[in-house]
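> Residue numbers (the numbering used here), protein chains in the order written: chain C, 1 to 221; chain G, 1001 to 1221.
Beta carbons: idealized from backbone N, C-alpha and C, even for Gly.
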DNA sequence: TGAAACTTTTAAGAAACCCTTAAGAAAGCA
DNA sequence: TGCTTTCTTAAGGGTTTCTTAAAAGTTTCA
């Protein structure tokens, strides 16, 4: 875990840096707004601790510039400015948390942990298979990077096959997955959708196992 | 924006609920830990405000159970317990922020905005997407720099979509966000608002994913 | 080789889905 | 209160997708 500490007071800065180091953080300690911006641009931090009373420029400006530069790192403001209005301003300019000096070190540590925990919860699960790529979050599919629209059933069928790339599914099993029980379907729907998918994504996308059913095509080509 | 407020004190609870409603939040107010858990499981909230001194069980247990149930909603603890140790415990059990009573309402609002912002993919306090720009702090929207008035539900709907630009939301999910439990709606409201938004902001602002729901339009044009 | 079994392709009517409009109800405001 | 804006509901019409069936094609095996 890597932290950028922006604090011009030497004594306080050293104290925080020591405490962080003791908690096994990697600490980069800078004392001016200018340095803060260049460090934040140069390297990826897990959290930035920002004092507002800096010698060269106001911390709020630094904050804003960081956000304008698309630096999304969580930022915790640590300052003597304690009025409600100041807190609101700081948070609304893009800070993630705000602590007033004098502060309690264990609380700071706990707030840093909370920020990190949030950040690490980012998840994106994109499924790929050969040339195709499925993004379940938006039900979209692309092949060689080009988006290809699929209808609902086409998408469902493909997703089922792709979830178990090596399994052969019987027609009945696929119908069972695609439909709920009370509106069973009594014809060759599956064949028709396989046909549609092959038309859109290429003949080899789905392999037919004669007498048994269908299987996702092999990825190797 | 939908908030679950867990607070057993009737006076204080009413005060917070009113303040939140005034800020256009959809508020679900419950008074026990048990209710908190069932509501959190039943619907998707943007933030949970949690009092620790509940009548039926300790708020920290509620917090832990929520996290165990894989409810990742940001949680802000709002309590009279003000020692450093109590704050550390609360944050380390999975809360995202911690405020001590008595508290300042504007600060609470700013912290809620910060929590939401963190959760959305947008990190700056002013949200932009293509030609439009939203400032959640004062509910304003502009396109190409020109302010465009939106009704409350139009605004809510757009804000939801814009918070996760790549996700497709089903009609049901959107209805769930736009209304609280006791005045559910039973018709095509979402379609109608989508239509209004498209009329005001252009056809491509919202994309429909047939059979699934709606998604923010792509920014590239 | 020829029949049987199985699979692919095509096409068209049916169904589902979404958009649009409008009007009465409700809520907000002076 | 009366006026204006916003909300909810419902219905019509246009479009896409689904289902079905039948014809055409392919593989298997006696």
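Taking the Cβ atom as the reference point for each residue, do residue 112 (chain C) and residue 76 (chain C) lie within a distance shorter than 8 Å?
Cβ atoms of residue 112 (chain C) and residue 76 (chain C): closer than 8 Å.
> Around the C-beta of residue 1079 (chain G), are 16 or more other C-beta atoms found within 10 angstroms, so that it is buried, or is it exposed?
That one is buried.
> Curious, which full-length beta strand (DSSP E) runs of at least 3 residues does the stretch 1002-1050 of chain G contain?
Counting whole runs of 3 or more residues, the stretch 1002-1050 of chain G contains the beta strand (DSSP E) stretches 1002-1006, 1026-1030 and 1047-1050.
> Going along chain C in order, which residues have a C-beta closer than 7 Å to the C-beta of residue 1088 (chain G)?
The contacting residues are 106, 107 and 110.
> What whole-angstrom Cβ distance do residue 1216 (chain G) and residue 1165 (chain G) have, given they're in contact under 8 Å?
At roughly 5 Å, the Cβ-Cβ gap stays under 8 Å, so residue 1216 (chain G) and residue 1165 (chain G) are in contact.
> On the DSSP letters alone, give me the boundaries of the beta strand (DSSP E) that residue 968 (chain G) sits inside.
Nothing can be reported for residue 968 (chain G), as the shown portion of chain G is limited to 1001 through 1221.
> Which residues in the same chain as residue 1066 (chain G) place their Cβ atom closer than 6 Å to its Cβ, once the five residues preceding and following it in sequence are excluded?
Answer for residue 1066 (chain G): 1040, listed in chain order.
> Determine the extent of the alpha helix (DSSP H) in which residue 193 (chain C) is found, giving its start and end residues.
That run of the alpha helix (DSSP H) goes 189-201.
> For residue 1089 (chain G), list the residues DSSP reports as bridge partners.
Bridge partners of residue 1089 (chain G): none, in fact.
> Quick check on residue 204 (chain C): does DSSP put it in helix, strand or coil?
Three-state DSSP puts residue 204 (chain C) in a helix.
> The beta strand (DSSP E) with residue 148 (chain C) in it runs from where to where?
Where residue 148 (chain C) is concerned, there is no enclosing beta strand (DSSP E), given that its DSSP letter is neither H nor E.
> Among G:1180, G:1137, G:1145 and G:1172, whose alpha-carbon lies nearest the alpha-carbon of residue 1159 (chain G)?
For residue 1159 (chain G), the nearest C-alpha among the options comes from G:1137.
> Comparing alpha-carbon positions, which option in G:1145, G:1007, G:1139 and G:1143 lies nearest residue 1151 (chain G)?
Of G:1145, G:1007, G:1139 and G:1143, the residue nearest in Cα terms is G:1139.
> Short of 6 Å in beta carbon distance, which residues of its chain neighbour residue 36 (chain C), apart from the five on each side in sequence? Order them along the chain.
Closer than 6 Å at Cβ, skipping near neighbours: 6, 30 and 62.
> Going along chain G, which residues have a C-beta under 7 Å from residue 139 (chain C)?
Residues of chain G passing the Cβ test: 1168, 1209 and 1212.
> Report yes or no: is there a C-beta of chain C within less than 8 Å of the C-beta of residue 1215 (chain G)?
Output row for residue 1215 (chain G): interface = yes.
> Could you give the distance in angstroms between the alpha-carbon of residue 107 (chain C) and the alpha-carbon of residue 20 (chain C)?
Straight-line Cα distance between these residues: approximately 12 Å.
> So which residues of chain C does residue 1084 (chain G) contact, with C-beta pairs closer than 7 Å?
The answer, in chain order, is 104, 106 and 107.
> Can a CB atom of chain G be found closer than 8 Å to the CB of residue 80 (chain C)?
Not one chain G Cβ lies under 8 Å of residue 80 (chain C).
> Nearest CA to the CA of residue 1128 (chain G): which residue from G:1098, G:1033 and G:1143?
Considering only alpha carbons, the answer is G:1143.
> Tell me which same chain residues have a C-beta within less than 8 Å of the C-beta of residue 34 (chain C), skipping the five on either side of it?
56 and 57.
> If you count every other CB in all the chains shown that lies within 10 Å of the CB of residue 1028 (chain G), and 16 or more means buried, which is it?
Buried.
> Going by DSSP in three states, residue 1062 (chain G) sits in which element: helix, strand or coil?
Residue 1062 (chain G): helix per DSSP, three-state reduction.
> Quick one, are the C-beta atoms of residue 1116 (chain G) and residue 1093 (chain G) less than 8 Å apart?
No; because the gap between Cβ atoms is not below 8 Å, this pair is not in contact.
> Buried or exposed: residue 1218 (chain G), going by 16 or more other Cβ atoms within 10 Å of its Cβ?
The residue in question, residue 1218 (chain G), is exposed, as its Cβ has fewer than 16 Cβ neighbours within 10 Å.
> With a cut-off of 8 Å, does the C-beta of residue 219 (chain C) fall near any C-beta of chain G?
So no, residue 219 (chain C) is outside the interface.
> For residue 38 (chain C), count the other beta carbons within 10 Å of its own beta carbon; 16 or more makes it buried, fewer makes it exposed. Which is it?
By the 10 Å Cβ count, residue 38 (chain C) comes out exposed.
> According to DSSP, is residue 1098 (chain G) part of a helix, a strand, or is it coil?
Reduced to three states, the DSSP call for residue 1098 (chain G) is strand.
> Which partner residues does residue 133 (chain C) have in the DSSP bridge list?
In the DSSP output, where bridge partners are listed per residue, residue 133 (chain C) has C:128 and C:142.
> Does DSSP classify residue 168 (chain C) as helix, strand or coil?
Note: residue 168 (chain C) maps to coil in three-state DSSP.
> Starting from the beta carbon of residue 57 (chain C), find every residue of chain G whose beta carbon is closer than 9 Å, and list them in chain order.
Those do not exist, as residue 57 (chain C) stays about 19 Å from chain G at its closest Cβ, beyond 9 Å.
> Less than 8 Å between the beta carbons of residue 1081 (chain G) and residue 1052 (chain G), yes or no?
Contact: yes.
> Quick one, which of G:1105, G:1177 and G:1212 has its alpha-carbon nearest residue 1012 (chain G)'s?
Checked all of G:1105, G:1177 and G:1212; the closest Cα to residue 1012 (chain G) is G:1105.
> Please work out which residues of its chain come closer than 7 Å, Cβ to Cβ, to residue 1096 (chain G), disregarding the five sequence neighbours upstream and downstream, and give them in chain order.
Result list for residue 1096 (chain G): 1074, 1075, 1076 and 1115, in chain order.
> Going by beta-carbon coordinates alone, are residue 212 (chain C) and residue 170 (chain C) separated by less than 8 Å?
In this structure, residue 170 (chain C) lies closer than 8 Å to residue 212 (chain C) by Cβ.
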